[in-house]
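Structure first, commentary second.
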Amino acid sequence: MVDKLGALPTLNGQSNMSIAPGLNVKLVVEVDSRTERINARNSTVYDMDGERLVLAQTEPAIGNSMLHKEITVTYLVKEKNGLVRYGFSAVITGFIDYHELTSAREVQALAVRKRANPAPHNIRRCYRVEPTGRSALDMSIYGKRVNILDISLGGVRFTYDAGSLELYPIEVVEVQFNIGGIICKTDATILRTWNREDEGCRRDLSFAAAEFLNMTGIFEQELSRKIYEIERDNLANERRT
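Residue 98 in numbering that gives the first Met the number 0 sits at position 99 of the sequence shown, and the numbers go up by one each step.
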């Protein structure tokens with residue numbers, strides 16, 4: 000299905016915040032708020048006309064089931080204090096099988112229509128990373144060290160010694176993080192706890208998921224920076240292997 004571009008006025012007279020052909024963007028296709036998993040795919044702006052954009056088809060490709068569905072288009076803007084990610088909601092209006100990228104090259108593309116003005120967007124709010132022993136990120140609850148399985152700006156999943164620490168769903172607990180030597184404290188709600196019966200798994204080892212509450216600006220800033228570092232290191236390790 001092909002969506003032909005038509006000129007439309009900018010929303011509320013505001014600019015497109017540095018959106019232009021050639022801009023690399025990340026499309027947030029789906030967010031699972033229950034598991035805090037995010038499905039984000041890389042793309043590029045091929046063309047734009049008012050509130051309608053032509054974007055590169057992603058890998059894996061966005062399928063026909065997403066037609067007329069809402070996504071979030073995010074991108075980085077260089078500001079005085081560094082790079083800031085902006086985003087806006089958009090609807091997929093069509094799929095273009097043969098978009099003329101150059102006179103000698105045709106590519107698959109997506110046609111989308113903006114539904115809102117760009118605003119700062121924190122793509123890592125639900126983006127989980129898995130720290131390693133070299134990540135300089137430690138967590139404790141009531142002074143008891145726990146092992147982080149994965150973490151996002153929204154919450155954390157971890158294992159703990161059930162013999163020394165008792166946790167219950169809906170319980171609000173005091174959490175302390177050591178983020179590269181910086182101590183940050185916050186409250187968190189225990190969402191669920193569970194045990195695994197895998198062979199070789201310690202019987203006193205329990206699992207839990209928690210959601211952060213009342214995050215301070217310093218904690219959010221330091222955790223965001225650490226998540227970025229972990230993501231960067233994990234990608235570098237993948238390239239080496």
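We put the CB at the ideal spot given by N, CA and C, even for glycine.
Item to complete: Step through the CB atoms of chain C and report whether any lies within less than 8 Å of the CB of SER134.
Response: No chain C is part of this structure, which consists of one protein chain only.
Worksheet item: Shortest alpha-carbon distance to VAL111 belongs to which of MET138, SER163, ARG84 and HIS67?
Response: HIS67
Fill in: Residues bridged to ALA19 (per DSSP)
None; ALA19 has no bridge partner.
Worksheet item: Of all the options TYR74, SER163 and PRO119, which has the alpha carbon lying nearest to the alpha carbon of PRO20?
Response: TYR74
Worksheet item: In its own chain, which residues sit with a C-beta less than 8 Å from the C-beta of ILE226, not counting the 5 before and 5 after it?
Response: ARG123, TYR126, VAL128, ILE150, SER151 and LEU152
Fill in: Option in ASP46, LEU109, LEU136 and MET47 with minimal Cα separation from LEU26
LEU109
Fill in: Rounded Cβ spacing between THR188 and LEU212 (contact assumed at less than 8 Å)
6 Å
Item to complete: Pull up the distance between the alpha-carbon of ALA89 and that of ASN116, whole angstroms please.
Response: 10 Å
Worksheet item: Any idea what DSSP makes of ASN38, helix, strand or coil?
Response: strand
Discussion item. Checking 8 Å against the spacing of the C-beta atoms, do MET214 and PHE176 come in under that value?
Written reply: no
Worksheet item: When you compare only the Cα positions, how much space is there between GLN107 and ASN194?
Response: 46 Å
Discussion item. Applying the 10 Å Cβ sphere with the 16-neighbour rule, what's the burial state of GLY154?
Written reply: buried
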